[in-house]
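Undergrad: Residue numbers (this note's numbering), protein chains in the order written: chain A, 155 to 292; chain B, 14 to 318.
Here it is, the structure in full.
Here's what the structure looks like:
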């Protein structure tokens with residue numbers, strides 16, 4: 155795989171510098187067999203420095219997770235080495251099973267088998283709250 | 014099939030309709046005597062309660078229905094480790110509607126996701142208590158005649174006081190309401206509630222520690238108990254529980270037509286000498302609770318009389 159070209163897959167661009175490995179781990183990219191490139195501290199006209207992840211795979215990824223970790227990232231879908239779609243992602247309305255509620259009084263601390271769901275309560279500040287107890291995500 | 018977990022699950026119009034039905038029940042109780050014949054209410058109380066559980070049971074019995082349930086977690090399978098979801102899945106087959114109280118915040122929401130029948134949140138930890146709020150709204154409508162333009166003083170435990178959070182949510186939908194938040198620093202209203210339901214709606218709000226200083230401006234004084242069961246630290250509870258005690262002497266500062274509300278139970282935050290003051294309406298408030306719960310049960314069971 156050449157770093158600057160992938161055949162079929164996605165490129166996650168405009169990741170804030172230093173966040174690529176967090177996203178890499180949360181997306182579980184270490185488990186993939188396909189080529190994955192992580193570029194750190196690349197020059198960016200907009201950001202000064204940025205990270206980029208290139209994944210040479212058709213696998214579908216959790217866009218909510220990508221947008222939650224890197225709300226200003228750009229996701230490019232590559233087919234036959236061409237960009238067929240460019241997504242400017244935004245904060246998801248809800249995020250499921252990414253965070254856990256820290257409120258000891260929340261039902262999620264004792265009830266088995268329920269999803270940890272947080273809803274976006276302030277798009278300006280990126281604030282999320284637990285749907286069960288309204289505690290702010292940390 | 015609808016559940017009521019948060020007071021905002023009901024629109025302002027629906028609340029008006031519930032109040033209208035409650036008024037009709039008060040005026041014509043016989044008309045509703047068999048409205049829920051052969052229907053069953055399950056009261057699942059994983060936390061002790063006297064008036065809320067009895068109020069729900071009295072409401073269903075007054076509608077000609079039946080009740081079953083338990084009144085603390087120790088007498089349920091929760092003690093054996095059964096989940097809320099499993100309990101509700103089972104009880105859904107035995108009853109037509111469930112009123113649930115649980116110490117964990119969000120438990121009734123989890124129940125509503127699994128239940129085949131309507132769930133009424135009868136209090137979840139320090140979070141919400143919508144049926145108490147409906148009781149409070151019916152009381153305010155009867156005692157003050159309106160919701161708009163009232164100055165509402167909320168006094169005591171505003172941090173863990175679920176009735177306070179739900180009442181603020183509900184009252185914030187009416188124009189010209191002013192909130193006066195009276196609490197020690199440790200028991201202040203959570204920032205999220207204040208910002209979302211007061212500041213973002215452009216409503217007036219004053220946050221103080223002295224009850225006497227704001228007493229003259231209040232139309233409603235809503236007293237609350239500092240709840241020992243919400244504290245992880247006994248010392249904090251003992252230090253804070255006697256911060257506000259309403260006495261006849263302090264009431265001399267209040268308007269003649271101010272009303273004193275309290276979700277009850279009272280411990281010592283209202284001196285018993287206040288009970289004879291015509292402005293004290295907390296026992297009338299408790300009685301209104303049965304009628305509004307009757308109206309709520311009828312609505313959720315889609316029974317028309």
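Glycine included, C-beta positions come from ideal geometry on N, C-alpha and C.
This one's a predicted model, so the numbers in the text were calculated from it and none came from an experiment.
Any residues in the region 106-133 of chain B with a beta carbon nearer than 7 Å to a beta carbon of chain A? Which ones, in chain order?
TA: 117, 118, 119, 120, 122, 123
Undergrad: Report the rounded CA-to-CA distance for residue 193 of chain B versus residue 117 of chain B, giving the unit in angstroms.
TA: 28 Å
Undergrad: Could you check what DSSP says for residue 123 of chain B in three-state terms: helix, strand or coil?
TA: helix
Undergrad: Smallest Cα separation from residue 150 of chain B: which of B:128, B:137, B:176, B:125?
TA: B:176
Undergrad: Near residue 49 of chain B, what residues of its chain come up, given a Cβ to Cβ distance below 7 Å and the 5 sequence neighbours on each side ignored?
TA: 73, 76, 77, 78, 310, 314, 316
Undergrad: Counting only beta-carbon atoms, is residue 138 of chain B nearer than 9 Å to chain A?
TA: yes
Undergrad: Using three-state DSSP, classify residue 62 of chain B as helix, strand or coil.
TA: coil
Undergrad: So what does DSSP say about residue 156 of chain A, is it helix, strand or coil?
TA: With a pLDDT of only 49 at residue 156 of chain A, under the threshold of 50, the placement of this residue in the model should not be trusted; the figure read from the coordinates follows. Looking at residue 156 of chain A - three-state DSSP - the assignment turns out to be strand.
Undergrad: Have a look at B:68, B:45, B:41 and flag the residue whose alpha-carbon is nearest the alpha-carbon of residue 54 of chain B.
TA: B:68
Undergrad: Return the chain-ordered list of same chain residues with a C-beta closer than 7 Å to the C-beta of residue 15 of chain B, the five sequence neighbours on each side being excluded.
TA: 131, 313
Undergrad: Given a cut-off of 9 Å, decide if residue 175 of chain A and residue 219 of chain A are closer than it, judged by their beta-carbon atoms.
TA: no
Undergrad: What residues from the region 233-260 of chain A come within 9 Å of chain B, judged by C-beta to C-beta, listed N to C?
TA: 255, 257, 258, 259, 260
Undergrad: Out of B:171, B:24, B:123, B:233, which one is the CA nearest neighbour of residue 240 of chain B?
TA: B:171
Undergrad: Taking the CB atoms as reference points, tell me whether residue 253 of chain B and residue 199 of chain B lie closer together than 9 Å.
TA: yes
Undergrad: Go ahead and pull the three-state DSSP assignment for residue 141 of chain B.
TA: coil
Undergrad: Which of the three DSSP states, helix, strand or coil, is assigned to residue 5 of chain B?
TA: Absent from the structure is residue 5 of chain B, since the part of chain B shown begins at 14 and ends at 318.
Undergrad: Rounded to a whole number of angstroms, what is the C-alpha to C-alpha distance between residue 201 of chain B and residue 168 of chain B?
TA: In a straight line, the C-alpha of residue 201 of chain B is about 10 Å away from that of residue 168 of chain B.
Undergrad: Is there at least one non-hydrogen atom of the ligand GDP closer than 8 Å to the beta-carbon of residue 226 of chain A?
TA: In the structure shown, the ligand GDP is absent, as is every other ligand, since no ligand is present at all.
Undergrad: Taking C-alpha atoms, which residue in B:18, B:302, B:285 lies nearest to residue 138 of chain B?
TA: B:18
Undergrad: Can you tell which of A:199, A:198, A:165, A:185 has its C-alpha closest to the C-alpha of residue 327 of chain A?
TA: There is simply no residue 327 of chain A to check, as chain A begins at 155 and stops at 292 in what is shown.
Undergrad: When the Cβ atoms of the region 262-269 of chain B are set against those of the region 224-237 of chain B, are three or more pairs found closer than 8 Å?
TA: yes
Undergrad: Helix, strand or coil for residue 239 of chain B, going by three-state DSSP, please let me know.
TA: coil
Undergrad: Residues of chain A with CB under 9 Å from residue 179 of chain B, in chain order?
TA: Those within 9 Å of residue 179 of chain B in chain A number zero; the least Cβ separation is about 12 Å.
Undergrad: Quick one: which residues of the region 261-280 of chain A get their C-beta closer than 8 Å to a C-beta of chain B? List them in chain order.
TA: 261, 262, 263, 264, 265, 266, 267, 268, 275
Undergrad: Along the region 190-218 of chain B, where does the CB come closer than 8 Å to a CB of chain A? Name the residues.
TA: Going along the region 190-218 of chain B in chain order, one finds 205, 209 with a Cβ nearer than 8 Å to chain A.
Undergrad: Which value, in whole angstroms, describes the spacing of the CA atoms of residue 129 of chain B and residue 22 of chain B?
TA: 18 Å
Undergrad: Whose C-alpha, out of B:293, B:282, B:154, B:59, is nearest the C-alpha of residue 187 of chain B?
TA: B:154
Undergrad: So, does the CB of residue 178 of chain A fall closer than 9 Å to a CB anywhere in chain B?
TA: Put simply, the CB of residue 178 of chain A is far from chain B, with every gap to its CB atoms at 9 Å or more.
Undergrad: Could you confirm whether any beta carbon from chain A is found closer than 9 Å to the beta carbon of residue 185 of chain B?
TA: With 9 Å as the cut-off, residue 185 of chain B does not count as an interface residue toward chain A.
Undergrad: Measure the C-alpha to C-alpha separation of residue 155 of chain A and residue 209 of chain A and round it to an integer number of angstroms.
TA: At residue 155 of chain A the pLDDT is 44, less than 50, meaning the model places this residue with poor confidence and gives no usable figure here.
Undergrad: Would you say residue 155 of chain A faces chain B, with C-beta separation under 9 Å as the test?
TA: Caution applies to residue 155 of chain A, whose pLDDT of 44 falls short of 50 and renders its modelled position unreliable; the value that the coordinates give is listed next. By this cut-off, residue 155 of chain A is not an interface position.
Undergrad: Counting only C-beta atoms, is residue 96 of chain B closer than 9 Å to chain A at any point?
TA: yes
Undergrad: Can you confirm whether residue 216 of chain A, when its beta carbon is compared against all beta carbons of chain B, has any partner nearer than 9 Å?
TA: no
Undergrad: Compute the distance between the beta-carbons of residue 56 of chain B and residue 96 of chain B, then report whether it is under 9 Å.
TA: no
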